[in-house]
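Below is one structure, written out as structure tokens; the observations come after it.
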Amino acid sequence: MTSTPIKKAVDTARDDGPSFDASFFSTDSNDDSNDVTFDENVFMKNTYMSDDEEEIEEMDGDLHSSIVNENKLIVFESNLMEIINALTCSECNCPVDPSDTDKEYIGTMIKITAYCTGGHLVRKWTSQPLTGKMPAGNLLVSAATLFSGQTFTHISQFSQFMNLKFIGKTTYQTIQREVLMPVVSHAWNMMQEHIFTKIKSQNRYLRLAGDGRCDSPGFNAKYCTYSLMDLDTQQIVAFVTVQVTETGSSSKMEVEGFKRCMDFLLERGFEIKVLATDRHVQIRSVMSKQYPQTEHQFDVWHLANSIRKKTLGKIEVAGDRGAWAVD
Ligand SMILES: [Zn+2]
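Going by UniProt numbering, the first residue of the sequence shown is number 1, and it counts up by one from there.
Structure (structure tokens):
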């Protein structure tokens, strides 16, 4: 395998950590399915003041456009309850009974139902708007975690250290799978189409550089991504992920990904004049057999790196590394 392995620096955070006693954290319960879908249209209506349907619909539109940009705060529960407890009942004017207040946590959101000392419902309140049936904060922390390149475990630990209410792992995985990844995929497809349209309008052939990247080095890799970059614009024009089960062996993933990228571009009618890769043996073979119309070059970085390693190896054997090893 010559492909560059992905850095594993965050791996310690990815495991749930044998070095920590799980009970140390007041962790999320396993049953956090509620965090994804909090379904209470009636509740919404009560909460957001209006009986007027039109007003609610209009608010939904505004809600969706503003939830990302709106300021969010870290609010302490005791400070929040100061406000709730200061409310009075509209029916009997009695104050809120703090001992008769229901609190429910739905991931990052709190839902409070307050009753007066006379037992009337004073207020139902949620700390966040909903996007569909989901607390907006649950969706946003999931998106922020993924898009900032973090792992759930890392961010979840961060929240546990300060007892910040957070979503559970199941919720995160569900949101990632059902909302975030489709959005990423959609954005990538749109971007790719945009790039293709531009290249077509320029009526030019492609000069590409390609390389694969596996989730671990050696022969244990499970996933491999392959990317082809347009050298004229430095933009990625093709990208695939190959899973080991598709090829039967880790060592075949890179070349499989490479072929899929090439075929995809050729099927779209592009002419690939030049391709630069590392000196991957299988890709060299496939290039000469299946894509003879494309000139295959080796990229300078991989070539120089390989020469450097081999040279240093020889020098080391000769016991004179110090004099030559300049990085
Ligand atoms: Zn009352």
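Here a beta-carbon is modelled for each residue, glycine too, at the ideal position from N, C-alpha and C. From a predicted model like this one, the values you see are computed outputs, not experimental measurements.
Of the other Cβ atoms in all chains shown, fewer than 16 fall within 10 Å of the Cβ of D100; this residue is therefore exposed. If the five residues before and after A238 are omitted, its C-beta is found closer than 6 Å to the C-beta atoms of L228, C261, F264, L265, all from its own chain and listed in chain order. Secondary structure note for I112: its beta strand (DSSP E) is the uninterrupted segment 109 to 116.
The C-alpha of T174 is placed about 43 Å away from the C-alpha of V300. Looking at the DSSP output, G269 bridges to nothing.
Summarising the contact set, residues whose Cβ lies nearer than 5 Å to any heavy atom of ligand 1 are, in chain order, C89, E91, C92, C94, C116, G118, H120. Put simply, of I236, R204, V255, Q176 the residue whose alpha carbon is nearest the alpha carbon of G212 is V255. When Cβ pairs closer than 8 Å are counted between the two stretches, the region 66 to 76 is seen not to touch the region 85 to 104, the count staying below three. The criterion of a C-beta distance shorter than 8 Å is not satisfied by L87 and A143. Unbroken beta strand (DSSP E) stretches of 3 residues or longer found wholly inside the region 188 to 235: 206 to 214, 223 to 230, given in chain order.
Sequence-distant partners of N69 (beyond 5 residues in either direction) whose C-beta falls short of 7 Å from its own C-beta are missing from its chain. E271 and L206 do touch by the CB rule: their CB atoms are close to 7 Å apart, below 8 Å. Counting of Cβ neighbours within 10 angstroms places V141 among the buried residues, the total reaching 16 or more. Distance between V183 and N138, taken at the CA atoms: about 16 Å. The beta-bridge partner set that DSSP reports for W301 is empty. About 6 Å separates the Cβ atoms of V274 and Q297, confirming a contact at the 8 Å cut-off. For Q176, the closest alpha carbon among the candidates Q293, S251, N79, F152 is that of F152. Per the coordinates, the alpha-carbon of R308 lies some 21 Å from the alpha-carbon of G210.
Burial state of G168 is buried, judged by a 10 Å Cβ sphere holding 16 or more other Cβ atoms.
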